[in-house]
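In my numbering, the protein residues as written are 24 to 381. Idealized CB from N, CA, C, for every residue including glycine.
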Amino acid sequence: MRVYNFAAGPATMPLDVLEQARSELTDWRSKGMSVMEVSHRSKDFVAVAEQSEALVRELLGVPAGYHVLFLQGGATGQFSAIPQNLAPEGASVDVVNTGAWSAKAIAEAEKYAPVTVVADEAASGYSTVPAQGAFGSSDGAAYLHYTPNETIGGVEFGYVPEVDVPLVADMSSTIMSRPLDVSRFGLIYAGAQKNLGPAGLCLVIVREDLVGHARQSTPSVWDYSRMAASGSMLNTPPTFGWYLLGLTLEWIRDTGGLQAMGERNKAKADRLYAAIDASDFYSNPVAPQARSWMNVPFLVADPALEKDFVSGAAAAGLANLEGHRSVGGMRASIYNAMPMEGVEALIDFMKEFEQKHA
Ligand SMILES: *Cc1c(COP(=O)(O)O)cnc(C)c1O
């Protein structure tokens, strides 16, 4: 029996995608073999790669003048690939610190360039984002990096910052959750395992003029110009993950694209926050204007009940609701593939649990 899986990543995937993969697992496109067993350079697999790039461009409305790359090493790999490609020796980089993932990106960038933190939400305990217009870029910065959705803190920007340098965004946990104006960004990247499929690939969308200036020491697999020139196939990519990513993009298109995705995601998030706010038993620590549509952390009045909540929920078919080990509490990740029924089942369970324990 499938359960509602609220894991933060790897995360739930659309059942349609899994069933299609199962139906063609041993014999893909009448080849007499699985997609995992064909050459990444074969005509059929190259078609999968090209179709997934075309779907990224179509769904996000990527304007001309951007490369779409599928790289390995996860979003974490990009924490170091970005400064190596975009910050020439001697340049500094700007960052906005809104929590745990920002901090990891900062620590990695510091290996390559002086980092200027232009805004830091430490004073709020990372429970909000800077106000629109509250920060800008500093002199000599090659780019400004921020984390539109902090997966652990559940803090999300409701706006795209306006800055004078290329804007770089770690969209791992918010990519394709709603329509996006890609032209505002110099570079967007996202690990696949939240909204795009299984783990193994990191989507990178980068403005062409920012490519071609990588430092000499940049590993070839992370040199955007080499990856762009080779269709992201300088070496063997994780082909099965790429195929599943392609099926996931088709599912997004077939269920209405990003407009419909955004409406569904907003409705799910609104329902869950409303249920939390309506109760004195549960609370969410995030400032209302900065609440994430994708990752909803919440607390129970008595922390001693957390364990019971998580295990009781699991027994009711609601899996992986424990909060991140660094913050405790609970967290419901409600990515694209989580249906409204899953959110409703969670709310029903929360009410029952409250009645029993309040
Ligand atoms: C999950 C996540 C990452 C890390 O992704 P990996 O693929 O594990 O490297 C980075 N940033 C954000 C915002 C994330 O949610």
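Quick one: what's got a C-beta closer than 6 Å to residue i's C-beta in the same chain, skipping five residues either side?
| i | result |
| --- | --- |
| K291 | I357, M363, V366 |
| E131 | F102, S103 |
| G176 | G122, Y149 |
| G97 | G214, C225 |
| V58 | W51, Y266 |
| G163 | S115 |
| W245 | A104 |
| R25 | none |
| G264 | P221, G223, L224 |
Could you give the distance in angstroms between the alpha-carbon of residue i and the alpha-carbon of residue j?
| i | j | result |
| --- | --- | --- |
| M56 | T49 | 6 Å |
| I370 | E60 | 43 Å |
| V178 | N120 | 11 Å |
| T99 | L226 | 12 Å |
| D67 | P260 | 15 Å |
| I198 | N172 | 9 Å |
| G346 | D331 | 13 Å |
| R207 | E231 | 14 Å |
| E76 | P326 | 45 Å |
| N288 | A360 | 10 Å |
| A283 | D277 | 10 Å |
| G159 | P189 | 12 Å |
| A310 | A70 | 45 Å |
| A297 | V319 | 12 Å |
| P184 | T139 | 16 Å |
| Y166 | A324 | 42 Å |
| A44 | T262 | 13 Å |
| V141 | A154 | 13 Å |
| S62 | G285 | 36 Å |
| D187 | L295 | 37 Å |
| E133 | K54 | 48 Å |
| D300 | A128 | 32 Å |
| H168 | K379 | 45 Å |
| A355 | A338 | 16 Å |
| A72 | M317 | 27 Å |
| A381 | S147 | 29 Å |
| S46 | P308 | 43 Å |
| Q74 | G156 | 38 Å |
| V350 | R64 | 44 Å |
Have a look at the options and flag the residue whose alpha-carbon is nearest the alpha-carbon of residue i.
| i | options | result |
| --- | --- | --- |
| A145 | S125, D331, A381, D277 | S125 |
| S196 | Y182, V118, Q216 | Q216 |
| G113 | A136, Q95, G96 | A136 |
| D293 | S315, P308, L281, Y27 | S315 |
| I211 | L328, M194, G352 | M194 |
| A222 | A128, G32, Y27, V26 | G32 |
| R348 | E329, S62, V118, F263 | E329 |
| S253 | E375, L94, T35 | L94 |
| V85 | M373, G209, E47, E375 | G209 |
| T174 | A34, L233, M373 | A34 |
| N28 | V234, S65, A368, G351 | A368 |
| V234 | H90, R64, A30 | H90 |
With a threshold of 8 Å on Cβ separation, who are the neighbours of residue i within its own chain once the five nearest residues in sequence on each side are excluded?
| i | result |
| --- | --- |
| L92 | L226, V227, I228, V229, Y247, M250, A251, S255 |
| G181 | V152, Q312, A313 |
| E377 | S302, F304, Y305 |
| G280 | L82 |
| L219 | I198, M199, A213, L226, L268, T271, L272 |
| S161 | S115, D117, T139, V141 |
| M353 | P320, F321, L322, V323, E329, F332, V333, L344, E345, G346 |
| H236 | N108, L109, P111 |
| T241 | A104, Q107, N108 |
Going along the chain, which residues of its own chain have a beta-carbon closer than 7 Å to the beta-carbon of residue i, five neighbours each way excluded?
| i | result |
| --- | --- |
| N258 | V244 |
| R238 | Q107, E112 |
| G88 | R230, E231 |
| A192 | Y169, P171, F208, I211 |
| A336 | L344, F372 |
Flag residue i as yes when its Cβ comes closer than 8 Å to any non-hydrogen atom of ligand 2, and as no otherwise.
| i | result |
| --- | --- |
| G214 | What this structure holds is ligand 1, not ligand 2. |
I'd like to know if the region 192-207 and the region 328-348 are in contact, where contact means that at least 3 CB-CB pairs between them fall below 8 Å.
no
Would the region 267-286 and the region 35-46 be scored as touching if the rule is three or more Cβ pairs under 8 Å?
The answer is yes - the region 35-46 touches the region 267-286, with three or more Cβ pairs under 8 Å.
Please go through the region 38-126 and give each complete alpha helix (DSSP H) segment of 4 or more residues, from N-terminal end onward.
When DSSP assignments are scanned along the region 38-126, the uninterrupted stretches of alpha helix (DSSP H) that are 4 or more residues long and fall wholly within it turn out to be 38-46, 66-83, 97-109.
Assess contact between the region 108-118 and the region 76-86, defined as three or more Cβ pairs (one per stretch) separated by less than 8 Å. Is contact present?
Touching, no.
Could you tell me which uninterrupted beta strand (DSSP E) segments, each at least 3 residues in length, are contained entirely in the region 175-250, listed from first to last along the chain?
190-193, 210-214, 225-230
Give the list of continuous alpha helix (DSSP H) stretches no shorter than 4 residues that lie fully inside the region 303-341.
329-338
As an exercise, report each continuous alpha helix (DSSP H) stretch of at least 4 residues that is fully enclosed by the region 258-288, in chain order.
262-277
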